[in-house]
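Residue numbers (our numbering): 39 to 529.
For reference, the structure discussed in these notes is given below.
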């Protein structure tokens, strides 16, 4: 009898582990009645073309005058603005021209023209997004914080919170209201080339830091993101840092228990803290591309958490459903899979044929109008929560603390607290007078290496130029320690 009782307990436990969690009765973000009324009123007046345009996101380079994108003086093309915003009603732009950081004044110029055109043609402000991954990465002369992995190494929630506040302030100084950060993938494989972009391998650490990053960037009222705050986009939902190959954007095999208890946990915490958007894993999990997974995008994320935020693709990942994943026959079929799975906004990023093909899918009955309306509600809701309808552009002068000493001290504290000493054999540290130090290897004199990715450019190229006023390791040591033996290995 005792054995039967134990067996029944075990069966019940296994059933509980494998069953779907109970759906949340309370919304992850409390509804704001005034915002919901505005969303419904605007939605009722929009054409199908306007709705699809709100679901489309293009990179800024598409709007540039030919030849100006990589020349250091980016200029918007009036003709392309007419096409992208005037004809196709595109509602979102991302990235930095030529993937190179710009000044606050340049951002003000770019955003002002885009918003002027959007309000004139659609009556809806655009939402602009930047990868401000570790501080003011794409706005020149701002405050750089240590990479996310270093922020995790501080184990200091208040520093992550403060870093979010400063990043939001300096991003808003360029009139950009949205960042594709923070990254809360669990870095479970040291081969993964984006290990530096997350808080580490631990689910609890990522969840705690995610919570602080959300509140730091957005404030504590997601329905009213203030003048000095911006929306976050948690990424990459989910299992992105645990691929089988260890390479970026490749498949992962993860048990459902690990997926639910570990990889899902930071995103759940962030959403409960008020995160307004989520970006999707570029690869597949257990054989299913996440961009085509109704279970992960709609059931787990939107329904189980009762979350009304927005889901955006990663770079060109709808296209990957037919070019790489081979789950779709062509781009039209890929769009059908992704939108029906729960994608709300497509980061195309270069081609507006998404607008044409999605319209055909709706007209053919392959994508329901209810799914379009749901996606557009989520986009409009975020724009209202950000106050873009009231203030689509801010003045540079409204943010006098940009790049100032106060912010620099916070970044310095984060850097100091993130230092990890693996082994202090024979009490090498602290250094004493007369010690000889060997500084070797090309990275000792490389600002790009010290800054890492998402620094002025996507992979940090150009850091030696943009950060010339700062010191590399070699430059810092050489003037002060005359006894240093310098041997720079060129290989």
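Note that the Cβ used here is the ideal one computed from N, Cα and C, for glycine as well.
For the alpha helix (DSSP H) containing residue i, list its first residue and its last residue.
i	result
residue 422	407–423
residue 196	195–210
residue 256	241–256
residue 291	Note, residue 291: premise wrong, no alpha helix (DSSP H); not H, not E.
residue 189	186–192
residue 158	142–159
residue 397	391–401
residue 118	116–119
What would DSSP say about residue i, mapped onto helix, strand or coil?
i	result
residue 527	Note on residue 527: pLDDT 42, under 50, position unreliable in the model; no value is reported.
residue 85	coil
residue 312	coil
residue 476	strand
residue 269	strand
residue 91	helix
residue 56	Bear in mind that a pLDDT of 47 at residue 56, under 50, signals an unreliable position, so the number given afterwards is only what the model happens to contain. If DSSP states are grouped into helix, strand and coil, residue 56 belongs with the helices.
residue 327	strand
residue 49	In this predicted model, residue 49 has a pLDDT of only 45, less than 50, meaning its place in the structure is not dependable enough to derive any value.
residue 98	helix
residue 384	strand
residue 223	coil
residue 275	strand
residue 173	strand
residue 282	coil
residue 217	strand
residue 431	coil
residue 122	helix
Please determine, among the options, the residue with the shortest C-alpha to C-alpha distance to residue i.
i	options	result
residue 294	303, 287 and 464	303
residue 195	174, 218 and 249	249
residue 481	474, 475 and 489	489
residue 153	362, 100 and 430	430
residue 362	413, 455, 326 and 499	326
residue 247	255, 66 and 237	237
residue 78	68, 501 and 413	413
residue 209	401, 486, 468 and 144	144
residue 383	411, 478, 364 and 469	411
residue 288	278, 483 and 371	278
residue 424	213, 446 and 444	213
residue 276	263, 296, 516 and 283	296
residue 94	483, 443, 350 and 454	350
residue 454	173, 191 and 84	191
residue 387	130, 69, 451 and 500	130
Taking the CB atoms as reference points, tell me whether residue i and residue j lie closer together than 8 Å.
i	j	result
residue 207	residue 266	yes
residue 318	residue 251	no
residue 574	residue 322	Outside the shown range of the chain (39 to 529) lies residue 574, about which nothing can therefore be said.
residue 165	residue 420	yes
residue 292	residue 280	yes
residue 203	residue 225	no
residue 135	residue 105	no
residue 97	residue 132	yes
residue 389	residue 372	no
residue 320	residue 352	yes
residue 378	residue 409	yes
residue 505	residue 201	no
residue 87	residue 306	no
residue 81	residue 140	no
At what residues does the beta strand (DSSP E) containing residue i begin and finish?
i	result
residue 167	165–168
residue 348	348–350
residue 131	130–132
* Mind pulling the alpha helix (DSSP H) runs of 4 or more residues that sit fully within the segment 435–519? -> 443–455, 485–489, 501–504 and 511–515, all fully within the segment 435–519.
* To do: At 3 residues or longer, and completely inside the segment 341–376: list those beta strand (DSSP E) runs for me, N to C.
  => Within the segment 341–376, the complete beta strand (DSSP E) runs of at least 3 residues are 348–350.
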